Amino acid sequence: MNPNHTELIAEIKNIFSAYLERKELRKTNERFIILEEIYSRNDHFEADSLFNDLSSQKLNVSRATVYNTLELLVSCDLVKKHQFGKNLAQYEKSYGYKQHDHIICVDCKKVVEFCDPRIQNIKTMMGDLLNFKITHHSLNMYGICGSCQKKREMASITKDKNEKITA
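Residue numbering for the sequence shown follows our numbering, starting at -13 and increasing by one per position.
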């Protein structure tokens, strides 16, 4: 583990610990295991996939604890919760990570992050123009990724061949 990651883990544990104290909630080992697992990831994840990953590591954490801890982490701004379309909620770590936006494939649900400084310029311009202090934003674009486009093309070719054969 690199020193920066170790420092980050210590910092987020301190933030979470202080949050739990303020809310008069217990500081359980399971909550901190979940926090560390999230901050060891570099992806968007669903609560059940997090639970399954913890279970596969033989960590004794219940599904309810995973769901409850995720909500606590969202409320103290250590984790972001996304609702991409009608899909299940997905989460990602948020502390110390720059603002970014998402492109989501409507077929396979793959999520790709991107950052474009022009979006910051638009936020600033619109805030000034409409007299808003923009505190945060969320931009999600939906489309079909390259892999799914190829699958669709192959399915279309196969369908056309089958229709010619049966005609």
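Even glycine gets a Cβ: it sits at the ideal position worked out from N, Cα and C.
The structure displayed is predicted, hence computed values, not measured ones.
Count the other CB atoms within 10 Å of the CB of L11; is the residue buried (16 or more) or exposed (fewer)? Numbered from 1 along the sequence shown, position 25 holds the residue referred to as residue 11. Exposed is the call here.
Contacting residues, own chain, Cβ-Cβ under 6 Å from F190 (five flanking each side not counted): Since the first residue shown for the chain is -13 and the last is 153, residue 190 is missing from the structure and cannot be characterised.
C-beta atoms of E23 and L40 nearer than 8 Å: Here residue 23 refers to the residue found at position 37 when the sequence shown is read from its first residue. Here residue 40 refers to the residue found at position 54 when the sequence shown is read from its first residue. Yes. Within cutoff.
Among the residues of its own chain, which have a CB less than 6 Å from the CB of K96, if the five just before and after it don't count? Residue mapping note: residue 96 aligns to position 110 of the sequence shown, counting from 1. Excluding sequence neighbours, K96 sits near C131.
In angstroms with no decimal places, state the Cα-to-Cα distance between F118 and S133. In the sequence shown, counting from the first residue as 1, residue 118 sits at position 132. In the sequence shown, counting from the first residue as 1, residue 133 sits at position 147. If I take the Cα positions, the gap works out to 40 Å.
Per-residue DSSP class, three states only, for Y81: One-based indexing of the sequence shown puts residue 81 at position 95. Coil, per DSSP.
Let's test the definition: count the other Cβ atoms within 10 Å of the Cβ of F100 and tell me whether it reaches 16, buried, or not, exposed. By one-based count along the sequence shown, residue 100 stands at place 114. Counting Cβ neighbours within 10 Å, F100 comes out exposed, since fewer than 16 surround it.
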